[in-house]
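Peer 1: In our numbering, the protein residues as written are 5 to 658.
Just so it is clear, CB atoms sit at the ideal spot from N, CA and C, and this is done for glycine as well.
All values derive from a computational prediction rather than experimental measurement.
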Ligand code: NOJ
Ligand code: CA
């Protein structure tokens with residue numbers, strides 16, 4: 005009876021699923037038991053016929069001999085509220101098609117593919133339901149193709165490299181991709197459309213990178229474990245969502261929220277999570293004034309921490325990061341990470357005194373755990389390390405995973421392998437238990453899981469300002485909004501005023517440092533320079549950093565060309581005031597802002613912009629600060645110098 009039923013499963017099938025506005029069309033095709041899909045917008049191709057399937061160890065691949073058990077459609081239209089982020093409200097409107105399949109011959113495995121078609125892209129994921137004959141699988145490979153225009157331009161960073169995601173983006177045609185790249189990878193197609201390929205809800209699985217396959221189609225390349233297996237999972241198992249964002253303009257991509265939408269809402273109350281701005285015992289180490297290691301120039305001393313807490317009060321900044329506070333930094337710190345102790349402060353760093361003083365002054369401390377990727381050492385102390393900070397009233401931690409690989413279960417593994425992903429997940433869940441918020445450096449890339457765990461306030465995961473002093477060029481910050489930032493906010497460490505420092509000379513103007521607070525969203529935003537610099541160099545410019553929020557009501561992108569310039573306006577969450585930020589590459593660029601995005605009313609604009617003589621190389625500190633009245637009917641031309649930018653506060657008059 006059972007076999008008779010199997011034989012009757014249809015192995016030929018076609019289904020078109022449209023977006024709610026009917027413009028995006030997903031085409032699902034089952035041809036002789038082989039599953040494929042394609043995607044177009046207004047009949048313009050985005051993804052041409054592409055294979056779907058899985059290779060499992062010691063089993064035939066799941067891709068041939070598939071038959072339809074049933075297809076179920078549903079439509080959802082809802083909005084949900086973020087705990088924090090770029091917008092308070094997120095629209096989640098899509099048409100879903102879940103395709104339940106079974107092989108038509110032995111071993112008759114069951115396989116489901118769930119597609120969601122939004123107006124601005126699609127998500128699809130594989131699901132392996134419980135099977136009659138086995139309960140766990142080893143994934144050898146995914147056969148997911150994204151057969152995109154070979155002549156499209158792609159902005160991407162290389163995968164499997166020692167500095168993880170900390171690379172400059174490169175633009176090349178797809179046909180020139182000759183080694184795996186990370187996602188989000190962003191494309192400008194020859195038909196004028198823009199797309200970005202990424203993934204959502206990455207749990208218990210290796211990260212997806214992209215490469216060209218033997219048929220010259222872009223395909224997934226899942227990060228392997230050290231023994232070559234991509235993931236070992238128990239069934240039932242839902243794979244991460246594969247995401248294709250689509251827009252008619254590059255700027256449109258920056259409003260795409262599919263990755264967040266494909267994650268679950270939080271399972272518990274996270275109203276205790278508070279975004280914040282912070283100073284740090286940090287840049288002083290980068291410019292060589294202080295050290296992480298002990299000695300005469302040790303940064304994280306009780307005395308310095310007291311001074312910086314006083315500065316937080318004086319400058320109106322909520323928090324203070326303390327790096328180099330614990331045992332492990334002396335000698336070869338990259339090697340000593342093996343035995344770093346996360347409970348033992350250095351003798352000149354009295355954490356009880358410091359935390360008491362911070363509490364007394366209502367300053368939130370941000371603890372630091374530099375693991376150097378030695379996960380075994382870290383996990384053996386993780387819960388105690390969290391308890392230690394929690395006992396001192398410290399609810400924010402910046403963990404770091406410097407080092408080219410992680411050491412997990414005694415083996416060298418990629419940060420973005422299944423075991424790496426599991427570690428980041430474990431630390432995040434445990435942090436939630438202790439009401440700790442995280443700012444993860446050298447993280448796993450963002451896949452929207454901060455919707456479920458809003459205590460993941462920010463992450464690094466791209467080249468940030470620590471690379472200034474030669475390895476950052478002005479176009480980088482004009483590429484991030486269209487690539488890395490599609491995966492969520494970033495701790496870029498903005499706000500360095502000491503641009504001409506000869507140890508770390510920045511490729512930026514001063515006005516641009518303010519712009520970053522708007523152009524690079526982050527639930528924890530660092531005012532990264534030393535407080536004495538803010539007080540001495542330009543206290544008027546620092547006013548913008550004091551006023552700019554870290555949490556937004558709504559975000560309205562205004563201008564953008566990948567790698568050239570980017571301008572965005574955002575309203576403070578729960579506030580009437582708006583903020584605008586803009587950056588350009590190494591060419592000057594002017595924009596004419598029309599303030600029609602503002603609600604009715606009169607506003608006082610404080611404008612922080614490059615002087616006409618400014619230049620990131622010769623004259624980076626030349627800033628003009630001016631005030632004027634603005635209504636939604638007004639427009640304003642703003643000049644950005646080479647390597648420059650601007651920031652505007654729009655204060656609503658009651
Ligand atoms: C790299 C991080 O990105 C940086 O912020 C930190 O200061 C160093 N690691 C040391 O932990
Ligand atoms: Ca880093």
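Could you check if residue 606 is buried or exposed, using at least 16 other CB atoms within 10 Å of its CB as the buried criterion?
Peer 2: Exposed is the call here.
Peer 1: Sorry if obvious, but does the Cβ on residue 186 come closer than 7 Å to a heavy atom of ligand 2?
Peer 2: Checking the Cβ of residue 186 against ligand 2 gives no.
Peer 1: Please list, following the chain, all residues that have a C-beta closer than 5 Å to any non-hydrogen atom of ligand 1.
Peer 2: This selection yields 374, 404, 406, 445.
Peer 1: Within 8 Å, do at least three Cβ pairs link the segment 248-266 to the segment 199-213?
Peer 2: As far as the Cβ criterion goes, the segment 199-213 touches the segment 248-266, which means the pair count is three or higher.
Peer 1: Cutting at 7 Å between CB atoms, please list the residues of its own chain near residue 288, excluding the five before and the five after it.
Peer 2: Result list for residue 288: 294, 303, 534, in chain order.
Peer 1: How many Å lie between residue 14 and residue 109 at the Cα?
Peer 2: When rounded, the distance between both Cα atoms is 13 Å.
Peer 1: Using a Cβ-Cβ distance cut-off of 8 Å, determine whether residue 234 contacts chain B.
Peer 2: Among the chains of the structure shown, chain B does not appear; only one protein chain is present.
Peer 1: Let me know the secondary structure DSSP gives residue 9 once reduced to three states.
Peer 2: Since pLDDT at residue 9 reaches only 49, below the 50 mark, its modelled position is unreliable, and the value read off the structure follows with that caveat. Residue state, collapsed to three classes: helix.
Peer 1: Could you compute how far the alpha carbon of residue 68 sits from the alpha carbon of residue 112?
Peer 2: Going from the Cα of residue 68 to the Cα of residue 112 covers about 11 Å.
Peer 1: With DSSP collapsed to three states, give me the class of residue 323.
Peer 2: Looking at residue 323 - three-state DSSP - the assignment turns out to be strand.
Peer 1: How is the alpha helix (DSSP H) around residue 78 delimited, first residue to last?
Peer 2: Where residue 78 is concerned, there is no enclosing alpha helix (DSSP H), although the beta strand (DSSP E) it sits in stretches over 70-85.
Peer 1: Can you have a look at residue 153 and say buried or exposed, based on whether 16 or more other CB atoms are within 10 angstroms of its CB?
Peer 2: Answer is buried; the Cβ neighbour count reaches 16.
Peer 1: Taking the alpha helix (DSSP H) that residue 564 falls in, what are its first and last residues?
Peer 2: Looking at the DSSP string, residue 564 is not in any alpha helix (DSSP H); the run it does join, the beta strand (DSSP E), is 556-565.
Peer 1: Compute the Euclidean distance between the alpha carbons of residue 146 and residue 98, then round it to the nearest angstrom.
Peer 2: In a straight line, the C-alpha of residue 146 is about 25 Å away from that of residue 98.
Peer 1: On a CA-only basis, which of 239, 195, 493, 149 is nearest residue 136? Give me that one, please.
Peer 2: Ranking 239, 195, 493, 149 by Cα distance to residue 136 puts 239 first.
Peer 1: Rounded to whole angstroms, how far is the Cβ of residue 554 from the Cβ of residue 526, which I believe are closer than 8 Å?
Peer 2: That pair is a contact at about 7 Å.
Peer 1: Classify residue 245 as helix, strand or coil using the three-state DSSP reduction.
Peer 2: Residue 245 falls in the strand class under three-state DSSP.
Peer 1: Give the straight-line distance between the Cα atoms of residue 225 and residue 41, rounded to the nearest whole angstrom.
Peer 2: One C-alpha to the other measures close to 18 Å.
Peer 1: Take residue 186 as the anchor and find which of 478, 355, 597, 222 has the nearest alpha-carbon.
Peer 2: Ranking 478, 355, 597, 222 by Cα distance to residue 186 puts 222 first.
Peer 1: Could you check which residue in 107, 528, 26 has the C-alpha nearest to that of residue 126?
Peer 2: Taking only the C-alpha atoms, the option nearest residue 126 is 26.
Peer 1: Looking only at its own chain, which residues have a Cβ that is under 6 Å from the Cβ of residue 456, when we skip the five neighbours before and after it?
Peer 2: Counting only Cβ-Cβ distances below 6 Å, and skipping sequence neighbours, we find 267, 268, 270.
Peer 1: Within 7 Å: the Cβ of residue 327 and any heavy atom of ligand 2?
Peer 2: No.
Peer 1: Starting from the C-beta of residue 657, find all residues in its chain whose C-beta is less than 8 Å away, skip the five residues before and the five after it, and write them out in chain order.
Peer 2: Correct list, in chain order: 605, 606, 607, 608.
Peer 1: What does DSSP give as the partner residues of residue 369 in its beta bridges?
Peer 2: DSSP, once it has assigned bridges, lists 324 as partnering residue 369.
Peer 1: Please return the same chain residues whose Cβ sits closer than 6 Å to the Cβ of residue 350, not counting the five positions on each side in sequence.
Peer 2: 298.
Peer 1: Could you tell me whether the segment 495-511 touches the segment 457-472, where touching means 3 or more Cβ pairs closer than 8 Å?
Peer 2: Yes, since at least three Cβ pairs between the segment 495-511 and the segment 457-472 fall closer than 8 Å, the two stretches touch.
Peer 1: Report the residue from 453, 540, 448, 345 whose alpha carbon sits nearest the alpha carbon of residue 724.
Peer 2: Absent from the model: residue 724. The displayed extent of the chain is 5 to 658, so no value can be given.
Peer 1: Please give me, in chain order, every unbroken run of the beta strand (DSSP E) with length at least 3 that falls completely inside the segment 140-222.
Peer 2: Listed in chain order, they are 140-146, 149-152, 157-160, 174-177, 189-192, 198-204, 212-216.
Peer 1: Please state whether DSSP places residue 575 in a helix, a strand or coil.
Peer 2: If DSSP states are grouped into helix, strand and coil, residue 575 belongs with the strands.
Peer 1: At what residues does the beta strand (DSSP E) containing residue 651 begin and finish?
Peer 2: Unbroken beta strand (DSSP E) run through residue 651: 649-656.
Peer 1: Please say whether residue 94 and residue 265 have beta carbons closer to each other than 8 Å?
Peer 2: Cβ distance < 8 Å, so residue 265 and residue 94 count as in contact.
Peer 1: Using the Cβ count rule (16 or more neighbours within 10 Å means buried), how would you classify residue 122?
Peer 2: Burial call: buried.
Peer 1: Do residue 665 and residue 194 have their CB atoms nearer than 8 Å?
Peer 2: Residue numbering for the chain in the displayed model covers 5 to 658; residue 665 lies beyond these limits and cannot be assessed.
Peer 1: Roughly how far, in whole angstroms, is the beta-carbon of residue 209 from the beta-carbon of residue 29, given that I think they are within contact range, below 8 Å?
Peer 2: Contact doesn't hold; Cβ gap of about 29 Å is too wide.
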